[in-house]
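Down below is the structure, laid out as C-alpha cells.
4 protein chains.
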Amino acid sequence: MIRHCSIIDRYAFDKVYMCEVPNLNEAFPPCNMRNDCMTQQSTGEPSLWNRLLGPRDCILLEHVCGPGKARKLKALLRAGPRPLLHFPPKETVAAIVTCGGLCPGLNSVIHYVTETLLQNYGARRVIGIKGGFGGFYDADLEPLELTMDAVNGLQNQGGTLLGSSRGGFDLDKILLFLQKHEVTHLYVIGGDGTHRGADKIAHACLERKLNIAVAGIPKTIDNDVDLLDRSFGFTTSVEAAQNAIKVAVTEATCNLPNGIGIVKLMGRSSGFIAAYATMASGEVDLCLVPEAPIVLEGDKGCLPHLERVVADKGYAVVVVAEGAGEELLGASAETDASGNKKLPKIGEFMQAKIEEYFAKQGKQCSPKYIDPSYMVRSVPANASDQILCMQLAQNAVHAAMAGYTSFTVGMVNNKVVLIPISLITATSPRKLDPYGRTWERIISITLQPNTVPFRPVKGAAPREPEH
Amino acid sequence: MIRHCSIIDRYAFDKVYMCEVPNLNEAFPPCNMRNDCMTQQSTGEPSLWNRLLGPRDCILLEHVCGPGKARKLKALLRAGPRPLLHFPPKETVAAIVTCGGLCPGLNSVIHYVTETLLQNYGARRVIGIKGGFGGFYDADLEPLELTMDAVNGLQNQGGTLLGSSRGGFDLDKILLFLQKHEVTHLYVIGGDGTHRGADKIAHACLERKLNIAVAGIPKTIDNDVDLLDRSFGFTTSVEAAQNAIKVAVTEATCNLPNGIGIVKLMGRSSGFIAAYATMASGEVDLCLVPEAPIVLEGDKGCLPHLERVVADKGYAVVVVAEGAGEELLGASAETDASGNKKLPKIGEFMQAKIEEYFAKQGKQCSPKYIDPSYMVRSVPANASDQILCMQLAQNAVHAAMAGYTSFTVGMVNNKVVLIPISLITATSPRKLDPYGRTWERIISITLQPNTVPFRPVKGAAPREPEH
Amino acid sequence: MIRHCSIIDRYAFDKVYMCEVPNLNEAFPPCNMRNDCMTQQSTGEPSLWNRLLGPRDCILLEHVCGPGKARKLKALLRAGPRPLLHFPPKETVAAIVTCGGLCPGLNSVIHYVTETLLQNYGARRVIGIKGGFGGFYDADLEPLELTMDAVNGLQNQGGTLLGSSRGGFDLDKILLFLQKHEVTHLYVIGGDGTHRGADKIAHACLERKLNIAVAGIPKTIDNDVDLLDRSFGFTTSVEAAQNAIKVAVTEATCNLPNGIGIVKLMGRSSGFIAAYATMASGEVDLCLVPEAPIVLEGDKGCLPHLERVVADKGYAVVVVAEGAGEELLGASAETDASGNKKLPKIGEFMQAKIEEYFAKQGKQCSPKYIDPSYMVRSVPANASDQILCMQLAQNAVHAAMAGYTSFTVGMVNNKVVLIPISLITATSPRKLDPYGRTWERIISITLQPNTVPFRPVKGAAPREPEH
Amino acid sequence: MIRHCSIIDRYAFDKVYMCEVPNLNEAFPPCNMRNDCMTQQSTGEPSLWNRLLGPRDCILLEHVCGPGKARKLKALLRAGPRPLLHFPPKETVAAIVTCGGLCPGLNSVIHYVTETLLQNYGARRVIGIKGGFGGFYDADLEPLELTMDAVNGLQNQGGTLLGSSRGGFDLDKILLFLQKHEVTHLYVIGGDGTHRGADKIAHACLERKLNIAVAGIPKTIDNDVDLLDRSFGFTTSVEAAQNAIKVAVTEATCNLPNGIGIVKLMGRSSGFIAAYATMASGEVDLCLVPEAPIVLEGDKGCLPHLERVVADKGYAVVVVAEGAGEELLGASAETDASGNKKLPKIGEFMQAKIEEYFAKQGKQCSPKYIDPSYMVRSVPANASDQILCMQLAQNAVHAAMAGYTSFTVGMVNNKVVLIPISLITATSPRKLDPYGRTWERIISITLQPNTVPFRPVKGAAPREPEH
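Structure (C-alpha cells):
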C-alpha cells in the first residue's frame, strides 16, 4: 500500500517567468573585482563565500500545484553573494535611512548592514541619516558615522539609532547629499511610501548618471507588504501582544460576574497582528479585523456570541485591530500629521457596546479595556526577527555590491529574494484573505460567527503569507 | 531599463512526482460524511471550511530553480481539511502520546489536537497517554481524559501534561489498548525513533485490519528532522538561549582582563540551536558545532582567534553545541538510560583549554562557563511556535479524519504538508550544511576561521531548512 | 579618632505604649492546646515552632531618635506563632474572601493562608468565597473548596482564584453563612473599605457570641495604607511599570525632533507607584503626582522644564499618576459603578498641553502616550512580594489560631505586626509626604521644579513608608 | 473590649548608645558651605533639601521589645543630607571602584553616585577606576571619565561598567593615584575584604594628612553582610533564581516516573539566596543550606523525605546552596585564583545520591540538575534593587560631602544609616539563623525534616535580616 511517489504529469510547466531586477552594470562599467574580499580578521586569508549566485538563480513564487493551477510560473531572483562586484569596496560609501513608525528590528538591520559592509566587504564608510529622508538636508539632524563600535550590541535594542520623523522628501536635496558624500549605496528601510521614494531616487540616479545602488528593506509591523512570508518585527509584535492578552485573560476571569477583557492591537488596514496574536494565544474568543465586517447583534452578531461564551466559560476575551469596524463607525475625514487618516475608536466603542448589550439583558458586565499601544512596537526584536533582519541586511548588501538597484529584499517561500520595488508597491498593502486558512483558523479557534459573506471557492484567491 | 519579467525557458519542468501518503480508504470503507461538521457553538449552523483539498494538491519540495537544476520535481501532499471524512466524528476516539525529551510546544500540540477534534469535528473522546509508549500498558500510568476544560490554557505552559519517560515499546500491548478503548486516531508526538514506532503501529493496524489512523507530529528541539523548515519548539529554544548568551556577554565584558564567556547549548549531532542562537545574538565571537571540526591552535585555531578578538575588543563570547568536538575528544562508548551515547564534556574542555592557552601566552584569563541546560527546553512555546503547533495539530487532525495514516505533518517551504513517515525517518537526523548559507553566516558574523575543508561548489548540496 | 559608641542619654524613654489587639480568649474559653501541631508529613513527629511569642512582644513604631524627639513610644504587637491555641485545629473552618480591584499577590495570600491552615495546623476545612462579600450569599457564586491540590502552584498566577466584584455587603447574610458552615476564621483581603467591613463583622460576631476570629490582610496596589512599610503587590506593580517606561524612553529617543514619552500609572489619591517607578527607572524627567500641584507654565512650570530637558538631551520622559492634576482639571462629581469618583483625563490633557506648548514655541513635538493600565496590576507577584505575601498569610493564621480578632497584619519597620483594624482605617489612605525623602529624591533625579510650597521643617512630619 | 494602647512600663530604656562615624571635620578644617547647592537645572534657583540631619540623628538597631529584653540600646547614625559641607563642591573629585564578583545593581550605584555628585552637588569630576583596586595603578586599565552622558541609562544594564578583576591591593600606589588626581572622595563598592581595604585607605589618609573621605557601599549577592536588612542585588538574584526553579518544576512534573528537579544556587557560607528563593517559589520540597547539616538517610534523612514527597505528589523539587554539605563532603584545601576555597560539588553529589537511593528502593528516577550559575548574578537590577542602590548611592555622597569617612551605608530597619566600617567587618559574613523565622518558614513550607539540633529558646538569638 505504501508508495513513495506518483507522477502527476498534468502539472508540468512550460515556462518560468522571472521578475527581473535592474542592475547598474547595464549603465555603468562594473569594477568586476572578484567577490573574495571577505577578509578574515583572524587569518588575513581571503575566503570565498560558500555559494555564489548567477543572474538566473531564482525561486518559484507559486510552489503550490494541483489540478487547475496555471501553467505559467512566476519566479523571483534569489538573493546572495555574486561572483563579481560592481563597486570596489574601498570606494563604497553607504548611507542608511529609516523612515516611518518604529518597528522591532530596525536597529538590527542597521547593525547588520553596517557590519556586512565594513567587516565583510571592507567598505570605506557607512553614514547613518537621522530622522528619515529629512535628515539628508535638515540642518538640525547631523548624520552619524556608523563604525563597528557604534553598532556593537545595537541589534539588541528597541527603536532605531537613527530616529524617525514625520514626512519630508526633497529629491534634489537628497541627491545633493549623496553626491557630496560620494555615496554609492543607499539603504532605505521603510514601508510602502518610503519604497516609492526609494524608487524615485533610484530612477533619478540613473537619469542623472549617478552610479548609486538603491536598496529597500521593507519595514511594516503590520505585515502588510505583499508577497513576503513575513516582514521583520512582525513576530516580535505578535509576541509582545501576548502580554496584553494574558492580562486580559486575568482581568476577565477575575472580574465577576461576566468578566470581559478587550485588547486593541495595531493594524490600520489589515488584521495580521490581531489574527496572529489570537492564534498564538489560543485564549481569545472574538477577533475583530478590518477584513471582516463587524456585526453587533443578530445571528452573526458578536455580542450574542460573547454572551454565549460568558454563559459557558464565565468570561471572554476580545482582540480588536485598530482599523476594524470602519463599516460600522464610518471613516474619518481627518488625518494626523503624518497624513494617516484618523481611525475611529473601535476599542472604546466595543467596550461601550458590550456593557450596553449586557445591561439590556439585565446582566452586570464591566469590560476591561487594554491598549498596549507602543508597548507592541518599541521592544527589541526577538530571536526569529533578529535572524530575519540579519538575512535581509546581508542580502541587501550582497545585491548592492553586485550592482543591483531599485530593488527590495524579502523572505518569500522561506528564501530571501530580490524584488523590483515597483512590483511590491503595486500590490501593497496586503490584506488578510477572508477566504484563506488564517481567517478559517480564527473562526475554528474562537468559534465566533463568520461575518464574511459566503463565497464558493473558485478562481485564484489572494496570496496568503504563510499557512 | 526596468523590465518585470523575462522568460527562462530552460527551466521548464517535465513532471512532478508527489510522495504519496497511505489512506485507510483503500483498506476500509470510508463513512464519506461531508466535512461540514464544524458546528459553530455560537450559531448552531454548519459552516464549510474555506478551502477543501483534493488528493493531488501538493507543493513543490524544491522551488529553487536555475541553470543546471534537475527537471524532475518532487512534491509533497498539502495538508488541510478534505471534503469527505473517513471516520464518523461521533465514533472517533483519539489517543495522544508524547515521547522523548521535553520540547517547547508539546502542551500546545496536545491542546490543539484535542480542541480540533472535540470542538471542530465533534469527536467522541480524546485520551491522553501518560509517560510515552509505556503509558499504554504501565499500570502506574493512568491515562487522562482530555476534555476542553482539561486543555484550556494548557498551550501556554512549558513541559507536557502527559509527561514522558524512558524507552519502552510493546507493540501488542499498544494494539490491545487501542482496540479496548475503540481508538480510531493515534497521535504520536516525538522524534525519529518515536516516528519509527508510530510507523510500526500503523502497519500493524493495517495488517490486523484495525481501522486506525496513525499520525506523527515531529518533535525535535534540535531542528534535526529532515525536509522541515523548522520543527516546533526550535525558535523558542533559540530565544531562550539568548538569556544565557546575554549573561555571557556581561560576564565577559566585566571580568578584566581578557574576559571570556562560554555558553553550552543543546545539539547532540547537529548544531542548529548553537548556530541560530549565534545569529540571533550577533554578539558571539566563536561558534562550535558538530558539523565543523574544532581546531585548537595554528592558522585555523580557535584559541588564537579568541586571543585576537580579546586583544581587539577586550572580551569574547563562545557558543558551543554539546555534540561538538567529538573528533577531538573521542566518542564515548557509554550510553545513558535512554540509550543515547554519553557526550564528552566539550564545554568544560574548552574552558580549560582557553585558560591554559592564555596562561601559555602569559595572560590572565578566567573564562566563565554557563550551561543553561534544561532552561532552554522547559519554557513555554513563544508566539511563533504556538502558531506552528496549532497549524501542525489542526492539520494532523484534518488528515486523520480523512483517513490518512502512517504520515507526519510538517512545515515545508512555508506550507504545511503530509509526509509519509518512512520518507522522513530515512534521512534524519539532518545536519547543518557546512557549505550552506547558515554556516557561511556564522563565519561572516564571528569571523572565526572556517575549519570546514575547502570544496569547490558542485553537485546538489544538502537541503538547508531556511535561508 | 575612631570610637564605637557614644552615650546619648537625653534620648532615654520613659514608657512604651503598645496598641492592643482584641483576643477572643476574653470572651470565649480557649482550647489552650499547645501549639505543637505542625505535624511534619515526613516524620510524623510534632515539631515546635522556633520562637513562640507572648502578649507583650512588640516592636517600636518609631525607631528614629534624636534631639527633640518625643519620649512617649508607640509599639505594635509582634506577629508570630503563640504557645497556646484558642481554636482546636480539628474544629477550625476558615473562609477567605478577596475584595476590590486586582493586585499582584492575591493568589499568593490565598495559597499561603490555605497551606498554613491545612498543612501546618491541620485545620478541618478552608472555604474560598467567590466575588467579594457578595459571594457569601449570591446564589450565582458557589464557594470553592480550597484543598492543598487546589492551591498548588496558585501563588505564581496573576489575578485571584476567587474573583472579585463590585460592592455589596449584607452583614446578616454574611453571619448566616459563617454560622451555617461553622466557620471559625474569616480572612478578609482588601483595602480600607473592606477592612471597615471586616471590623463590622468582627464586632457583630462578638456581640452575637460567635467565636469567630476575623483577620484582615491589607491589599492596596497604591501602597496607601498607613503605617505599613509596603503593601503586597506594590513592588511588583513598580516593576511592571518599568516596561511602559522603557517603551516611553525608546519612543522619545526615536521620534525626532523633540521626542516625548508619557506614561500614565495608577494612583488615585497617592503617587507612590509613579514616584517609585520614577526612582526605579532613573530615566524619567518629570513625575506628576496628586500630592504636588501641577504648574504648567512660568518659573515652576513643567512645560518649560520639558522644553529645557529636550533642548539638552533631545528627548524627555514623563510619568503621571492617574490622580494628579485635580487642582488643575477639577474633580468630577461623577462616580463609577464601584463608587469611585471618575478621574479627569490627566494623561491626555498633558499630551495635548505639551504639543500645544511646543507649537507655541514654533517647535514640532508629537508626544507618545502610553497607558499600561491593567498590565501593571494583573501580573503575577514578583519574588519580593511572594515572600511578603507568605509572611503576612502565615502570621494572619498564627494570630487567628491564637484567638486574635479584628486585626490586620502588616510589615512595619521590617517586622510583621498585628494592628487593630480601627487603627489602620483611621489614617488611610496615606499620601506621599511632599516634604519627605521620596519626593526630595524625585526632584533630585528629575530636576523638575518643586511645586510644593516652601515650608520650614518643624514639628512631626507624616510618616514615610521607607527611606 | 477594644483598647488602643496599654502602657508597658517595664520596657523603659535608660540610654541609647550610638555607633559613631569618623568625620574629617575633626582633622581638617571644613569649608562649612551651606548645603543648598542643589542647583536646579530648570530654574537655576537653589533649593534646600527637605530635611537636613544633625550628628545625633539616629535609629535604634533593636526596635523589638518585650519582657526580658536588654535595656541598653544601640543606635546607628542616620544617613541624609547635612546642613554644612566639609568639601567645596567645585573642588570635589571622586573616584569610584567596584571589586569582587558581579552583583545586580553595580551599574546603578555607579550611575547614582555620579549623578548625585555632578548633578546635585556640582562636583568637579568623577573618575571610574577599572578592574578593582588594581585599576589605580595597572597600566593596562585606563580610568574612565564618568560624566552624566557616560552614566545615562547605565543603571538598567547588568554587570559593571568598571569591570572587576582578581585581588591586588597596593596601598601606596592607591594613595599616589588619589593624590595625583586630587581625589577628595573615594567610593568603594565591594564585600568584606574590599571594605577592610577601604578602611586601610581611610586610616592611611588620616595618618598622611590627606583630606579624603572614604565611603563603602556593601556589595554581596549572598546578603551575608551583618546588620543590613538586605544588600543590593539580593532580591534581584532571588527573582532570577525563580526561572531555574520554574524549569525544575516543569522537568520534575514531566519526567515520569518520580521526576526530581535540582537547582543549585549561590551561597558559599550562607544560604540566604537558597532560602529566599524557596520561599518566593512556594514549589520547593527540599532546601539545603550551609547552616543546617545535610542528613541523607534515616528519620531526619532528606532522601526518604523526597521519596515520600514523590509518592504523594508524583515529583519533587530540590534547591541546594553551593556551600551546603561541607560536613558531609569535607572542606577542600584547594583555593581558586581569588583565594576562595573550592567548594565540593554538592549539586552533582545530591543528584547521584538521589538516583542511587531510588534505585535501592527499586524505583526509577533520573533527577534533572540545573545550575543557573552566572544567570543569577549578571542580570540588571530589578526595580526594588534600583531604588535601594539609589538610596545607598545618594546617601554615600551626602555623607562624604559632610566629611564622614571610613563608613559604609546600609539599610537597617528600613532606614538608611551610616555604619563604621570596622563594625560591619567584625561580624560578617552573616549566616542564616537556624533557630530563626526564616528557617522555620522553610521547614513549614517544604515539610522537610529539620536537621538543626533542638535547642530550647533562650538568650539572644542572632539578628535576622527581615521577618
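Chains as they are written, first to last, in UniProt numbering: chain A, 1 to 467; chain B, 1 to 467; chain C, 1 to 467; chain D, 1 to 467. Ideal placement from N, C-alpha and C gives every residue a C-beta, glycine not left out. These numbers were taken from a predicted model, which means no experiment stands behind them.
For G158(B), the chain D residues whose C-beta falls within less than 7 Å of its own C-beta are T250, listed in chain order. Between T114(D) and chain B, the shortest Cβ-Cβ separation is not below 9 Å. Using a Cβ-Cβ distance cut-off of 8 Å, the region 242-261 of chain D and the region 396-413 of chain D are not in contact, since fewer than three pairs of beta carbons, one from each stretch, lie closer than that value. Per DSSP, the beta-bridge partners of E145(B) are I127(B). Chain-ordered, the chain C residues with CB closer than 7 Å to the CB of T235(D) read A383 and S384. Within the region 339-358 of chain B, no residue has a Cβ lying closer than 7 Å to any Cβ of chain D.
Contact between the region 387-402 of chain A and the region 244-260 of chain A is absent, with fewer than three C-beta pairs closer than 8 Å. Fewer than three beta-carbon pairs drawn from the region 107-117 of chain C and the region 203-212 of chain C are found closer than 8 Å, and the two stretches are therefore not classed as touching. Contact check for R78(D) against V417(D) passes: the beta carbons are separated by less than 9 Å.
Exposed is the label assigned to T147(B), since fewer than 16 other Cβ atoms lie within 10 Å of its Cβ. Residue range F272 to S281 is occupied by the alpha helix (DSSP H) that includes M279(D). Interface residue (Cβ-Cβ distance to chain D less than 9 Å): S281(B) is not classified as such. Where K415(B) is concerned, the enclosing beta strand (DSSP E) starts and stops at K415 to P420. Under the 9 Å criterion on CB atoms, E239(A) is classed as interfacial with respect to chain B.
Close CB contacts of P372(A) within its chain, under the 6 Å cut and outside five residues either way in sequence, are with A244 (chain order). In the displayed model, F407(B) falls within a strand according to three-state DSSP. Interface flag for Q361(C) against chain D is unset, since no Cβ pair is found closer than 9 Å.
Three or more Cβ pairs drawn from the region 377-394 of chain D and the region 267-280 of chain C lie within less than 8 Å of each other, which places the two stretches in contact.
DSSP places Y187(A) in no alpha helix (DSSP H) but in the uninterrupted beta strand (DSSP E) bounded by H185 to G190. Only those residues of the region 86-113 of chain D whose C-beta falls short of 7 Å from the nearest C-beta of chain B are listed: L102. For S428(D), the nearest beta carbon of chain C is not closer than 9 Å to its own beta carbon.
The Cβ neighbour count for L102(A), taken over all protein chains shown within 10 Å, is at least 16; the residue is labelled buried. The three-state reading of DSSP puts T451(D) in coil, since its state is none of H, G, I, E or B.
Around the beta-carbon of R430(D), 16 or more other beta-carbon atoms lie within 10 Å, marking it buried.
Within the region 246-317 of chain B, the complete beta strand (DSSP E) segments at least 3 residues long are 259-265 and 286-288, listed from N- to C-terminus.
Sequence-distant Cβ neighbours of V263(D) in its own chain, meaning closer than 6 Å and more than five residues away, are A244, I245, A248, V319 and I370. By the Cβ test, the region 179-188 of chain B is not in contact with the region 155-164 of chain B, since fewer than three Cβ pairs between them sit closer than 8 Å.
Three or more beta-carbon pairs drawn from the region 301-314 of chain C and the region 447-454 of chain C are found closer than 8 Å, and the two stretches are therefore classed as touching.
The beta-carbon of Y187(D) is placed no less than 9 Å from the nearest beta-carbon of chain C.
Rounded to whole angstroms, the separation of the alpha carbons of L343(A) and T335(A) is 9 Å. Cβ contact annotation for G323(A) (same chain, cutoff 7 Å, sequence separation greater than five): G267, R268, S269, P290 and L343, in chain order. For A244(C), the nearest CB of chain A lies under 9 Å from its own CB, placing it at the interface with that chain.
Three or more Cβ pairs closer than 8 Å define a contact, and the region 52-60 of chain D meets that threshold against the region 81-92 of chain D.
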